[in-house]
Amino acid sequence: MRDDFSNEHFSGTEWLSYLDGGPGAATGNEMKTHVENCPECGGFAASIGAVRAILSEQAGQLREATALSDEALDSMLTSCFSRLRSTASAEGRTRWSASEAIVLLRVLVEPICGRGTAGATIDLALRRSTASNEGSVTEGNWSLFITNFSDLMASVCGSAAGRLVNRAGFCLAVARG
Amino acid sequence: MVLWVGCAVSAVAGGAARLLIDQRPDDTVTIWLSQANQLLFLIAYSFSLYLWLKIAADHPAGSIMRMAWLLMAWSSAISIVRHGFEGTAFLAGWTETVPTTLLSLRQIPIVLSLVFLAAGLIAMWSSFAAIGLGLRFRRTDWLWFALILAFVPVIFSARENLLDSHSSYAVIRHLQAASPVLLAVPALIAVVLHRIRQEMGGGQLATSLRLMVAFLVLRLVALSFLGSPFHEHFPAIGALSQACGWAAPWLFPLAAVQRWKVTVSASALAARYETNPAREIAGLSQILMTEHAAEPLK
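Structure below.
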């Protein structure tokens, strides 16, 4: 913590706690009232807010500039899986994590419907299956994900493709996430 | 393979018929060859009808994609009626006796076929759009849209040369006048399908869409050239245009075959997963490892 992040009325720690929503409801409210009534502290808080907004924007631009394409991310993911498994026989594997199982399903359907269609249907099935589960597929909602993915594949590529996803999906034993 | 042969035979027959019409218009061979398209198209659309119905049956009842394939089947069925009617008209001599009355009624199936085709393509787009494909267009797509729209006035300006522009029935003349727009709509959707095909990133389904796009664009371009006086001055271009125009209907069942392959592949794989799921999943993970084990992190 830097002490120079302070003014005459509050220390750096107090300012950081205030900006982060702390340190406690009572102290926070007192400080809020003070900042609203004190021109010096009000100006100080406004300048910090402006700096934060600029930093946030710059960080966003940096993230954008270094963003990886879907293909690059997929490649990285599958390479990681390959490396992790390089010493183990796949046939001995009985349980997969949900992410691994999704990659396997994707590899299964890509020759039929294409990489983009596979990605789009998986993304949509994930969104439909994880709305109340903070965006992650686990053993608990795997069945729901497979049902959604299967339905979407059936709607675009036909019932046979949907059936394939359904059978392969339920064959993959997914470990508890 | 049979369909590709049909496509090649149709293209050669079309080109030859055009050249013969220019050189020996009253020759018996010319007259019969110039009508060979009725039989060839009837066969092509019969294949299409059979395949589209099979594909529609592979989709869940009530799904938009099922509706799309059924509309394609309807379009094919109406095209069969149209070419059957035109073939009968040729054999019965109606092309000589009642060209502007009874024969001109062919515009009804022509228009219906195009309407069903356009509706089917829109339904297909809608189905892909539901998963997020075909919603973002690039500058090249807009250029294609503009180019296709540019063909509309070209065909419209040459409407006097179109089949039934001199029909005795006003309704038929109006239907004929609408043909440039009715042809342009499927071609515009072809651009959308082309974008979807690119977004798909390969696969059997994308191959089907590629052939569908070729079918839609090729017949518009062929008709544009054949409807204009341009081909009269350049017989080779006229022959090439007619070859393309005659080959185009075969691309429709070829697209259906590629789509049917999706169902066949998926069914075969699903059966394998039912028989021995552990072996299939082991095989799948081996494919994943083989493909990516040696690949460095990007």
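Those sequence lines, one after another, are chains A and B. Under this note's numbering, the letters of the first sequence match residues 1112 to 1288, in that order. Under this note's numbering, the letters of the second sequence match residues 34 to 331, in that order. We put the CB at the ideal spot given by N, CA and C, even for glycine.
Check, Outcome
"Note the first and the last residue of the continuous alpha helix (DSSP H) segment covering HIS1120/A.", "Segment: none, HIS1120/A is in no alpha helix (DSSP H) and carries neither H nor E."
"Quick check on PHE285/B - is its C-beta less than 8 Å from some C-beta in chain A?", "no"
"List the residues of chain B whose Cβ lies closer than 8 Å to the Cβ of ARG1278/A, in chain order.", "ALA303, TYR306, GLU307, PRO310"
"I'd like to know whether the C-beta of GLU1221/A is nearer than 8 Å to at least one C-beta of chain B.", "yes"
"Shorter than 8 Å from the beta carbon of THR173/B to some beta carbon of chain A?", "no"
"The alpha helix (DSSP H) that contains TRP107/B, what's its start and end?", "97-125"
"Less than 8 Å separating the beta-carbons of SER201/B and GLN209/B?", "no"
"Can you tell me which of the three DSSP states ALA1272/A falls into?", "helix"
"Counting only Cβ pairs nearer than 9 Å, list the residues of chain B close to ALA1209/A.", "Per Cβ cutoff of 9 Å: no residues; ALA1209/A is ~15 Å from chain B at best."
"Quick one: residues in its chain with C-beta nearer than 6 Å to the C-beta of THR1198/A, no 5 flanking neighbours on either side, listed in chain order?", "For THR1198/A, the pLDDT reaches just 41, beneath the cut-off of 50, and the residue's location in the model is therefore unreliable, although a value from the coordinates is still provided. Hits under 6 Å: none found."
"Spell out whether any CB of chain A is found under 8 Å from the CB atom of ASP197/B.", "no"
"Compute the Euclidean distance between the alpha carbons of GLY235/B and GLY1225/A, then round it to the nearest angstrom.", "4 Å"
"Mind checking if ARG1274/A is an interface residue toward chain B, Cβ cutoff 8 Å exclusive?", "yes"
"When we look at the beta-carbon of PRO1150/A and count the other beta-carbons within 10 Å, is it buried (16 or more) or exposed?", "exposed"
"Any C-beta of chain A sitting closer than 8 Å to the C-beta of LEU317/B?", "yes"
"Any beta carbon of chain B sitting closer than 8 Å to that of THR1232/A?", "yes"
"Does VAL295/B have its Cβ less than 8 Å from a Cβ in chain A?", "yes"
"Could one say the Cβ of LEU1283/A lies closer than 8 Å to chain B's Cβ atoms, at least one of them?", "yes"
"By Cβ distance, which residues of its chain are closer than 7 Å to ARG99/B, with the 5 residues on each side in sequence left out?", "ALA89, HIS92, PRO93"
"Using a Cβ-Cβ cut-off of less than 8 Å, list which residues of the segment 89-105 of chain B approach chain A; keep chain order.", "ASP91, HIS92, PRO93, SER96, ILE97, MET98"
"Within a Cβ cutoff of 6 Å, which residues of the same chain sit near ALA247/B, ignoring the five residues on either side of it in sequence?", "LEU284"
"Would you call the segment 1265-1281 of chain A and the segment 34-49 of chain B touching, i.e. three or more CB-CB distances under 8 Å?", "no"
"List, in order along the chain, the chain C residues whose C-beta lies closer than 8 Å to that of ILE155/B?", "Protein chains A and B are contained in the structure displayed, whereas chain C is not."
"With 8 Å as the limit, tell me which residues of the segment 157-168 of chain B have their beta carbon closer than that to any beta carbon of chain A; keep them in chain order.", "SER160, PHE161, ALA163, ILE164, GLY165, LEU166"
"Between GLU1202/A and PRO310/B, what straight-line distance do the alpha-carbon atoms span, to the nearest angstrom?", "Here GLU1202/A scores only 47 on pLDDT, less than 50, and its place in the model should not be relied on; the value that follows carries that caveat. Each residue's Cα considered, the two are about 11 Å apart."
"For a contact defined as C-beta to C-beta under 7 Å, what are the partners of SER300/B on chain A?", "ALA1271"
"Within 8 Å, do at least three Cβ pairs link the segment 171-178 of chain B to the segment 109-117 of chain B?", "no"
"Quick one: using the 10 Å Cβ neighbour count with 16 as the cut-off for buried, is ALA1136/A buried or exposed?", "Bear in mind that the predicted position of ALA1136/A carries a pLDDT of just 48, short of 50, making it too unreliable to give a figure here."
"Starting from ALA1242/A, find everything on chain B with Cβ-Cβ shorter than 9 Å and list it in chain order.", "Within chain B, no residue comes near ALA1242/A; the closest Cβ sits about 17 Å away, beyond 9 Å."
"Alpha carbons only, please: which of GLY120/B, GLN319/B, THR296/B, LEU166/B is nearest the one belonging to LEU75/B?", "GLY120/B"
"Cβ of LYS117/B less than 8 Å from any chain A Cβ?", "Checking the sequence, you will find Gly at residue 117/B rather than Lys. False, the Cβ-Cβ gap to chain A never drops below 8 Å."
"Are the beta-carbon atoms belonging to ILE1213/A and ILE1233/A less than 8 Å from one another?", "yes"
"Between which two residues does the alpha helix (DSSP H) carrying ILE164/B extend?", "Taken as a continuous stretch (DSSP letters only), ILE164/B belongs to no alpha helix (DSSP H), as it is neither H nor E."
"If contact is defined by three or more beta carbon pairs under 8 Å, each pair taking one atom from either stretch, is the segment 128-143 of chain B in contact with the segment 181-199 of chain B?", "yes"
"For GLU307/B, which residues in the same chain have their Cβ closer than 6 Å to its Cβ, ignoring the five residues on either side in sequence?", "none"
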